[in-house]
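Asker: In my numbering, the protein residues as written are 45 to 144. Handing you this structure, nothing more for now.
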Amino acid sequence: MEIDQKTQLLLQISAAAAANALAALRSAATDAKALGVPNDVIRQTIQLGLEIQQQSLSHTQHLTNQLMREPAKKAKSNGAAHSHHGGGCGGGCGCGHHHQ
């Protein structure tokens, strides 16, 4: 998959903002401006990165673990294809738990 240089820089800006990597953020934003990316687009991209930064790492780790584990085998008793994992994350992490 290939992406154009502007899109690549916007991804770098978002990732740098999310990781609080200021040198990388400065470099990517400077390069994006040089390519003609409007300031408002750069600001929106940074804002998205900052929103990602505010997410709990435990939610990310929980979802990553869920996505990387082996697919659940179908239960022999009723043919159910989904598994339930213990505990709850208590947030909107997309893990499939019903949160209040």
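Heads up, the beta-carbon is just placed ideally off N, CA and C, and yes, glycines get one too.
Take Thr89 and list the residues in its own chain whose beta-carbon comes closer than 6 Å to its own, dropping the five residues that flank it on each side.
Answerer: Same-chain partners within the cutoff: Leu54, Ile57 and Ser58.
Asker: Spatial neighbours of Leu92 within its chain, please: C-beta separation below 7 Å, excluding the five flanking residues on both sides.
Answerer: Correct list, in chain order: Ser58.
Asker: For Asn64, which of helix, strand or coil comes out of DSSP?
Answerer: Reduced to three states, the DSSP call for Asn64 is coil.
Asker: Within 10 angstroms of the Cβ of Ala61, are there 16 or more other Cβ atoms? Answer buried if so, exposed if not.
Answerer: So Ala61 counts as buried.
Asker: Check each candidate in Leu69, Ser102, Leu79 and Ile96 and name the one with the smallest Cα separation from Gln49.
Answerer: Minimum Cα distance to Gln49 is reached at Leu79.
Asker: Taking the alpha helix (DSSP H) that Gln98 belongs to, which residues open and close that run?
Answerer: Gln98 -> no alpha helix (DSSP H), and no H or E assigned at all.
Asker: Which word fits Val85, buried or exposed, when buried means at least 16 other C-beta atoms lie within 10 angstroms of its C-beta?
Answerer: The residue is exposed, with fewer than 16 neighbouring Cβ atoms inside 10 Å.
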